[in-house]
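Numbering (this note's numbering), first residue to last: 105 to 219.
Here a beta-carbon is modelled for each residue, glycine too, at the ideal position from N, C-alpha and C.
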């Protein structure tokens, strides 16, 4: 059984983001995410107030479904299973820079804690 997709509007922009990482434009068309080649994180370009800006999808999902407020620059979003293309809300966690670095260099992820 597939999990239900829930969409929320991003900052009153008309763009909608799902809890699974799908991004829809103002007309309901699904936007195709891409990477910049250096990092594996998926991003989209949104046009807000007549200006185009790039957003990482995992940060959009975390902002709308975990924090329900703007993420500040000190807050990072960790992919629990280390798959940078899996932007489902259940795979994301807001962490500090120190926590993120610790997890990166010590091989920590939540799937290892399961009994």
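- request: Mark residue 141 as exposed unless 16 or more other C-beta atoms lie within 10 angstroms of its C-beta, in which case mark it buried.
  value: Locating residue 141 in the chain shown gives position 37, where the first residue counts as 1. Exposed, since its Cβ has fewer than 16 Cβ neighbours within 10 Å.
query: Which of helix, strand or coil does DSSP assign to residue 208?
result: In the chain shown, residue 208 corresponds to position 104, counting from 1. In the three-state reduction of the DSSP assignment, residue 208 falls in the helix class.
field: Between the CA atoms of residue 196 and residue 111 - distance to the nearest angstrom
entry: For the purposes of this step, residue 111 is taken as the residue at position 7 of the chain shown. For the purposes of this step, residue 196 is taken as the residue at position 92 of the chain shown. Between residue 111 and residue 196, the C-alpha separation is close to 16 Å.
query: What's the call for residue 156, buried or exposed, on a 16-neighbour Cβ count within 10 Å?
result: Along the chain shown, read from residue 1 onward, the residue named residue 156 stands at position 52. Residue 156 is classed as exposed because its beta carbon has fewer than 16 other beta carbons within 10 Å across all chains shown.
- prompt: Quick one: what's got a C-beta closer than 8 Å to residue 147's C-beta in the same chain, skipping five residues either side?
  reply: Residue 147 sits at position 43 when you count from the first residue of the chain shown. Counting only residues of its own chain and dropping the five nearest sequence neighbours on each side, residue 147 has a CB closer than 8 Å to the CB of 137, 138, 139, 140, 158, 159, 160 and 161.
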